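Numbering (UniProt numbering), first residue to last: 1 to 504.
From the three backbone atoms N, C-alpha and C, an ideal C-beta is built for every residue, glycine too.
As the structure is a computational prediction, the values presented were derived from the model and not from experiment.
So the structure is just underneath, and the comments pick up after that.
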Ligand SMILES: Cc1cc2nc3c(=O)[nH]c(=O)nc-3n(C[C@H](O)[C@H](O)[C@H](O)COP(=O)(O)OP(=O)(O)OC[C@H]3O[C@@H](n4cnc5c(N)ncnc54)[C@H](O)[C@@H]3O)c2cc1C
């Protein structure tokens, strides 16, 4: 099956938002042409590329994208938005930061008839105060860049396990998940170009010599989160929280068999609820655990413990002791990272470092899991994500694993499941499907089944891929809340200048 056949097969929701989805703006004859010509004037002809973003690793249908415009500054981005606003929404702008939204669409938009706004060229760290714990970053600033600046300081970035070359801001704007917590918690201020081209600063921003405490809500309605998973504006900068770096950290590694999934989950939950673990503990089903060197058929959990050297020694010993006494685990180790002879020494050392804010600029774990370099994914690999939230209970985790088995039986597609523990009661289950690009149709069938089966159980997705945007009306909250959000969109962006269909 070819890419275009596959893409057509998986074509679902995006069209329903546009009605005339396949009608491309003809940049030769319409107001869109004037907007593109203006964009060329603003950013320079060498930073406007005709046509769409090319292949995507999810093999989602390639949208009708007239061009990609790549400004270098926030001021240029603002002028580009104004130019497209003047075109009255004849063509819309789809903004991304570094466009590594792998498995959910990469650089593709939700709908057709767009011009992509590639913000990766806005890559300045405009300001930073390590002591006070904040940095002002642009969308093109990668986690590797920011983390490198903080090496050997008392602060760190909340990094994800995606490539070091992914955007701190782009990930946060889609509610990505880092190793310390969900990235939205790091967003304290946003610089946003509204659909009419006005530039606003919401949330907390540094005030020169006056040292105000970092606090995102200010007074009155809290506006920062309005622009997360949102098409109410294009974000050109942000104040990001820099976290206190723990003095010490250890990852307790645990392996267990499928029969013990329930009891192991219950123990893990207890350690989290009682404050023994810190950051985002993770558990991996046997398919996902292979990427970290676990034996076939084994589940794996990484339980991070941090604090002072003494508290880490004490807490990790308590967890290990309880784990051994429980009889639930096949392997328990607190020394993988410190013992060079331990079988999982290298990978666990890298995992520990990532909990300490080092995203590993060499992408070693990333490449081990994906089997190739990050820049090859969009052309050489088939890869899809499904991202539901689960209650953090043994019953829910066992049910979710059973559903992955059901999808495997129905479609032949084996999914990796990684649980990111986001709190005492919440797990972000990252369902990842790696496949041969020739098998994309089966993978998309599996993706559709995952949406259906998980939603039936109440395990609702918290991020959507570009082909499943109609799900927002099925699982995106109460109808009154959706209607209110649409009223906001209609009043701020009546002609649809910014990313129609993207979560709103
Ligand atoms: C092996 C592997 C591991 C991964 N691990 C993680 C992980 O640990 N955590 C995680 O969250 N993800 C993970 N991912 C998924 C993905 O790679 C990351 O989320 C990545 O950070 C997203 O790409 P980006 O940063 O370039 O964001 P982008 O693709 O630039 O942005 C994502 C979306 O946010 C919106 N957006 C971005 N920038 C703007 C802007 N300036 N203005 C308005 N809207 C904007 C757009 O809708 C865009 O589509 C992983 C992927 C793989 C393959």
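- Message: Here's the rule I'm using: 16 or more other beta-carbon atoms within 10 Å means buried, otherwise exposed. How should residue 130 be labelled?
- Response: By the 10 Å Cβ count, residue 130 comes out exposed.
- Using the C-alpha atoms, what's the distance from residue 204 back to residue 493? 25 Å
- Message: Using C-beta distances below 6 Å, list every residue in its chain close to residue 128, excluding the 5 sequence neighbours before and after it, in chain order.
- Response: So the qualifying residues of the chain are 135.
- Task: Give the secondary structure of residue 489 by DSSP, where H, G and I count as helix, E and B as strand, and everything else as coil.
- Result: helix
- Item | At least 3 beta-carbon pairs within less than 8 Å: the segment 407 to 420 vs the segment 470 to 490 | no
- With distances taken from CA atoms, which of 235, 319, 283 and 224 is nearest residue 193? 235
- Query: Candidates 197, 200, 165 and 217: which alpha carbon is nearest residue 184's?
  - Reply: Of all alpha-carbon atoms in 197, 200, 165 and 217, the one lying nearest the alpha-carbon of residue 184 is that of 217.
- Got a sec? Which residues, its chain only, sit under 6 Å from residue 23 by beta carbon, not counting five neighbours each side? Since pLDDT at residue 23 reaches only 42, below the 50 mark, its modelled position is unreliable, and the value read off the structure follows with that caveat. Excluding positions up to five away in sequence, the list is empty.
- Could you tell me the boundaries of the beta strand (DSSP E) in which residue 91 lies? Unbroken run through residue 91: none, as it is neither H nor E.
- Message: Give me, in chain order, the residues of the same chain whose beta-carbon lies closer than 7 Å to that of residue 380; leave out the 5 immediate sequence neighbours on both sides.
- Response: Taken in chain order, the residues that qualify are 372.
- Query: Can we say the segment 235 to 249 touches the segment 166 to 185, given the rule of at least three CB pairs closer than 8 Å?
  - Reply: yes
- Exposed or buried, residue 480, counting other C-beta atoms within 10 Å across all chains shown (16 or more means buried)? exposed
- What's the gap between the Cα of residue 503 and the Cα of residue 53? 20 Å
- Task: Please determine, among 443, 263, 282 and 440, the residue with the shortest C-alpha to C-alpha distance to residue 421.
- Result: 282
- Does the distance from the C-beta atom of residue 248 to that of residue 333 stay below 9 Å? Not in contact: residue 248 and residue 333 (Cβ atoms no closer than 9 Å).
- What number of angstroms, rounded off, separates the C-alpha of residue 213 from the C-alpha of residue 186? 14 Å
- Item | Touch test, the segment 144 to 159 against the segment 250 to 263, Cβ-Cβ under 8 Å, three pairs minimum | no
- Query: Exposed or buried, what is residue 269 when buried is set at 16 or more other beta-carbons lying within 10 Å of its beta-carbon?
  - Reply: It is buried - the Cβ of residue 269 has at least 16 other Cβ atoms within 10 Å.
- Counted within 10 angstroms of its Cβ, other Cβ atoms place residue 456 as buried (16 or more) or exposed: By the neighbour-count criterion, in which 16 or more other beta carbons inside 10 Å mark a residue as buried, residue 456 falls on the exposed side.
- Neighbourhood of residue 89 by C-beta distance below 7 Å, restricted to the same chain and skipping five residues each side: So the list reads 495, 496 and 497, once near-sequence residues are dropped.
- Task: Classify residue 114 as buried or exposed, calling it buried when 16 or more other Cβ atoms lie within 10 Å of its own Cβ.
- Result: buried
- Message: Between residue 101 and ligand 1, is there a pair consisting of the residue's CB and a ligand heavy atom that are separated by less than 8 Å?
- Response: For ligand 1, at least one heavy atom lies less than 8 Å from the Cβ of residue 101.
- Helix, strand or coil for residue 59, going by three-state DSSP, please let me know. coil
- Coarse secondary structure for residue 191, derived from DSSP in three states: strand
- Query: For residue 73, which option in 100, 41, 98 and 119 has the closest C-alpha, if you only look at C-alpha atoms?
  - Reply: 119
- Between the C-alpha atoms of residue 485 and residue 158, what's the straight-line distance to the nearest angstrom? Taking the straight line from one Cα to the other gives about 29 Å.
- Message: Suppose contacts are defined by Cβ-Cβ distances below 9 Å. Is residue 304 in contact with residue 278 by that definition?
- Response: yes
- Limits of the unbroken alpha helix (DSSP H) element including residue 171: 168 to 173
- N-terminal and C-terminal residue of the beta strand (DSSP E) that residue 256 is part of: 248 to 256
- Cβ shell of residue 397 (< 6 Å), same chain only, five flanking positions each side left out: 265
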